[in-house]
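Peer 1: Mind having a look at this structure? Questions to follow.
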Amino acid sequence: MTIFQNARFFTTVNHLKDLPPTRAEIAFVGRSNAGKSSAINTLCNRTRLAFVSKTPGRTQHINFFDLGQERYLVDLPGYGYAEVPEAVRAHWVELLGQYLQSRTSLIGLLLIMDSRRPLRDLDWKMIEFFSETNRPVHILLSKADKLSRQEQQKVLASVKKELHDYPQISIQLFSSSKKTGTAEVEQQVQDWFAAVAEDDFGGEENHGAAGTLPE
Numbered sequence: 001m002t003i004f005q006n007a008r009f010f011t012t013v014n015h016l017k018d019l020p021p022t023r024a025e026i027a028f029v030g031r032s033n034a035g036k037s038s039a040i041n042t043l044c045n046r047t048r049l050a051f052v053s054k055t056p057g058r059t060q061h062i063n064f065f066d067l068g069q070e071r072y073l074v075d076l077p078g079y080g081y082a083e084v085p086e087a088v089r090a091h092w093v094e095l096l097g098q099y100l101q102s103r104t105s106l107i108g109l110l111l112i113m114d115s116r117r118p119l120r121d122l123d124w125k126m127i128e129f130f131s132e133t134n135r136p137v138h139i140l141l142s143k144a145d146k147l148s149r150q151e152q153q154k155v156l157a158s159v160k161k162e163l164h165d166y167p168q169i170s171i172q173l174f175s176s177s178k179k180t181g182t183a184e185v186e187q188q189v190q191d192w193f194a195a196v197a198e199d200d201f202g203g204e205e206n207h208g209a210a211g212t213l214p215e
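What the sequence shown shows, in full-length UniProt numbering, is residues 1 to 215, in sequence order.
As C-alpha cells, this is what we get:
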C-alpha cells in the first residue's frame, strides 16, 4: 500500500490563524492548470479527492489531506491566474507566501509544471522564493504523455541543466492520465517523511511575513 492510498480530506484553511497543528506535511504547488489536482488524484488513486477543473484558479484555499501517522498532504492554490478580484488575488499571495516560508511542519514541496511549458517566469520566482527555506523541492513535469519519448528525455535533461545550481531540487517526468512516474513520487515523499521521523521534526509556527511570492 502506498503512502497516499488512505488519504482523506482533513480541513480547508483560508487564514493563517486557522492552520491546524501538524507534525509533518508536504505541499503541492504549481501554475494554474499545470495538472496539480490531477496529480494528487492519481497518486491517491481517487477521482475527485482534489477538485479538477478546466477553469484555472479553482483551488482557492489551502486544503489538508490526512495521510495517517501525523503526516499530511497539502494542496495549495495555483499561481499565475489573474482573472479573480484583486483583493482575492492579493489575499492568496499573502496566504501562500507566509505559509511557504513560515510553516515549520512543511518538510518538502512538490512543484508541478506542464512538461510542454516548464520553468516559466512564475515557476522561477517560486523556486527562488522557496529556496530561501533550504527545504527540498521535487518537480513533476506533468502531462508527459503529450510528448514523444524523445521529447520527454530532451525536456527532462534541459530542466535538470537549468536547475544545476539548486542541489535541493530533484526532477522527474509524470503523467496523470497514464499513471507513469507515481512510484518515483511516492519514494521521494517516503524519504522525506522517513527523515522527519529520524530528526523528530516539529515546532511552533511563525506566522510573520517573509519574502514576496510570485503573483
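Idealized CB from N, CA, C, for every residue including glycine.
When you measure from the CB of residue 179 to every non-hydrogen atom of the ligand FMN, does any distance come out below 7 Å?
Peer 2: In the structure shown, the ligand FMN is absent, as is every other ligand, since no ligand is present at all.
Peer 1: Using the beta-carbon count (16 or more within 10 Å), is residue 21 buried or exposed?
Peer 2: With fewer than 16 other Cβ atoms within 10 Å, it is exposed.
Peer 1: Quick check on this structure: which residue in 19, 63, 18 has the alpha carbon closest to the alpha carbon of residue 40?
Peer 2: Measuring from the Cα of residue 40, the nearest candidate turns out to be 63.
Peer 1: Going by DSSP, what residues sit across from residue 25 in a beta bridge?
Peer 2: 72, 106, per the DSSP bridge assignment.
Peer 1: For residue 187, count the other beta carbons within 10 Å of its own beta carbon; 16 or more makes it buried, fewer makes it exposed. Which is it?
Peer 2: Burial call: exposed.
Peer 1: Please list the terminal residues of the continuous alpha helix (DSSP H) segment that includes residue 43.
Peer 2: It spans 36 to 43 - the alpha helix (DSSP H) in which residue 43 sits, taken as one unbroken run.
Peer 1: Express the C-alpha separation of residue 15 and residue 170 in angstroms, rounding to a whole number.
Peer 2: Approximately 30 Å, taken between the alpha carbons.
Peer 1: Distance check for residue 28 and residue 182, CA to CA, integer angstroms please.
Peer 2: Straight-line Cα distance between these residues: approximately 14 Å.
Peer 1: Do residue 129 and residue 24 come within 8 Å of each other at the CB atom, strictly closer than that value?
Peer 2: Taking 8 Å as the Cβ cut-off, residue 24 and residue 129 do not qualify as a contacting pair.
Peer 1: At what residues does the beta strand (DSSP E) containing residue 171 begin and finish?
Peer 2: 169 to 173 is the span of the beta strand (DSSP E), which, as asked, contains residue 171.
Peer 1: Return the chain-ordered list of same chain residues with a C-beta closer than 7 Å to the C-beta of residue 45, the five sequence neighbours on each side being excluded.
Peer 2: The answer, listed in chain order, is 5.
Peer 1: Using the beta-carbon count (16 or more within 10 Å), is residue 197 buried or exposed?
Peer 2: Counting Cβ neighbours within 10 Å, residue 197 comes out exposed, since fewer than 16 surround it.
Peer 1: With DSSP collapsed to three states, give me the class of residue 121.
Peer 2: In the structure shown, residue 121 sits in a helix (DSSP, three-state: H, G or I).
Peer 1: Since I believe residue 34 is in contact with residue 142 (beta carbons under 8 Å), could you give me their beta-carbon distance rounded to a whole number of angstroms?
Peer 2: The pair is a contact, with the Cβ atoms about 6 Å apart (cut-off 8 Å).
Peer 1: Per DSSP, which residues does residue 113 bridge with? Please list them.
Peer 2: 141.
Peer 1: Look up residue 99 in the DSSP assignment and say whether it is helix, strand or coil.
Peer 2: DSSP places residue 99 in helix when its eight states are reduced to three.
Peer 1: Measuring CA to CA, which of 119, 151, 134, 47 is closest to residue 162?
Peer 2: Per the Cα distances, 119.
Peer 1: Find out if the Cβ-Cβ distance for the pair residue 110, residue 140 is shorter than 8 Å.
Peer 2: Yes. Within cutoff.
Peer 1: Buried or exposed: which applies to residue 146, given that a residue is buried once 16 or more other Cβ atoms fall within 10 Å of its Cβ?
Peer 2: With fewer than 16 Cβ atoms within 10 Å of its Cβ, residue 146 is classed as exposed.
Peer 1: How close, in whole Å, do the beta carbons of residue 67 and residue 73 come, if the pair is a contact with beta carbons under 8 Å?
Peer 2: The pair is a contact, with the Cβ atoms about 6 Å apart (cut-off 8 Å).
Peer 1: Below 7 Å CB to CB, which residues in the same chain sit around residue 195 once its five sequence neighbours on both sides are set aside?
Peer 2: Excluding residues within five positions, none has a Cβ falling inside 7 Å.
Peer 1: When DSSP builds the beta bridges, which residues end up paired with residue 47?
Peer 2: Partner(s): none; residue 47 has no beta bridge.
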